[in-house]
Amino acid sequence: MFGNSGGNSGTGVAFTRDPVSGRPELYVDFLYNAQGEDLVAGIRNPETGETLAKEMPELYEQLQEIRAGLENAMHDMQDIEFTVEDGVLYVLQTRAGKRTARAAVKIAADMVAEGRLSKKDAIERLREVDPRKLALHAFAQDPERRALASAFPASAGVAVGRIALTSERAVELARGGDPVILVREETSADDIAGMAAARGILTSRGGRTSHAAVVARQMGITCLVGCRDLGIDLEARAAKLHNESFAEGEWLSLDGATGRVFAGRVPTEAQSDIPELAVVRRWLAEEGVAEHPLAG
483 MFGNSGGNSG TGVAFTRDPV SGRPELYVDF LYNAQGEDLV AGIRNPETGE TLAKEMPELY
543 EQLQEIRAGL ENAMHDMQDI EFTVEDGVLY VLQTRAGKRT ARAAVKIAAD MVAEGRLSKK
603 DAIERLREVD PRKLALHAFA QDPERRALAS AFPASAGVAV GRIALTSERA VELARGGDPV
663 ILVREETSAD DIAGMAAARG ILTSRGGRTS HAAVVARQMG ITCLVGCRDL GIDLEARAAK
723 LHNESFAEGE WLSLDGATGR VFAGRVPTEA QSDIPELAVV RRWLAEEGVA EHPLAG
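Note that the sequence shown covers residues 483 to 778 in the working numbering.
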């Protein structure tokens, strides 16, 4: 199968639920006239599921049917890789999808309510969740605050830090005690150390299933991808956002809920727990499970 055989072909990744929030909706990135490695590498910005539903509605409906069938069979949120060749859909593989801690809790609670998962299995699955990653912050509300740019939100939370244009610089700043925003065209396996050192990641290319997005969700790091207004000049050690230049080391703030990028240090405030956490804790009490990461 060849996704690069013309305008009615392409490659895509679909999550059967939102891997950031856990909402029960299809979450799709699709590149026309491309192969699978192009999507993961983030060589250009993909189309979203909303666009695919408008431009190829029959194919999108097929994906919805596949979504339901896979969740019924696998009892978990799935990460599906697919190719479209001349309008024909081919599913290449499926596996359990990586997700944020908050998404893991919501997905487990929803699947129990839907009858797709038992309480016992949900409790065991959630033993892998780090409770520290459930505590997210949001930016304090200010109607006068204006965003510099916007991007695809790929991992939740907010991040405030100094700009680092390379992974090496991100590690250096973090070792000095500074919070870091790693700003790149896209990320690769070579950037893992810099990503781990960062509070947030901002890329100019790639979608919500790119390397940066997937790794950031695993690490619990705020991540915005595919920022079309972002330009990077490594020689000048500067990033340009909507015609405004920022030297490496200046402050940026990223909102993982809305995809907005702000100059400077935006004040934050704590968010409340997700309601599904109370549901899980009730299960633990009902099942007599005292030793669990999510026990209250």
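Quick reminder that beta carbons are idealized off the backbone N, C-alpha and C, glycines included.
Check: Sub-8 Å separation of A638 and L655 beta-carbons; Outcome: no
Check: Segment contact, 8 Å Cβ cut-off, at least three pairs: the stretch 610–624 with the stretch 676–684; Outcome: no
Check: Integer Cβ distance of R699 from V502, believed to fall under 8 Å; Outcome: 7 Å
Check: For C705, the residue or residues it bridges with in DSSP; Outcome: S637, I683
Check: Beta carbon of A695 nearer than 8 Å to that of G676; Outcome: no
Check: Backbone secondary structure at G551 - three-state DSSP; Outcome: helix
Check: Candidates V697, E667, Q623: closest to G579 by CA position; Outcome: V697
Check: Spatially closest choice to Q546 from S727, D603, Y509, L712, by CA coordinates; Outcome: Y509
Check: For L618, the first and last residue of its enclosing alpha helix (DSSP H); Outcome: Per DSSP, L618 belongs to no alpha helix (DSSP H) and is neither H nor E.
Check: CB contact flag (L684, V743, <8 Å); Outcome: yes
Check: Endpoints, alpha helix (DSSP H) assigned at S649; Outcome: 649–657
Check: Cα-Cα separation, D612 to A760; Outcome: 16 Å
Check: V594 - containing alpha helix (DSSP H), residue span; Outcome: 583–595
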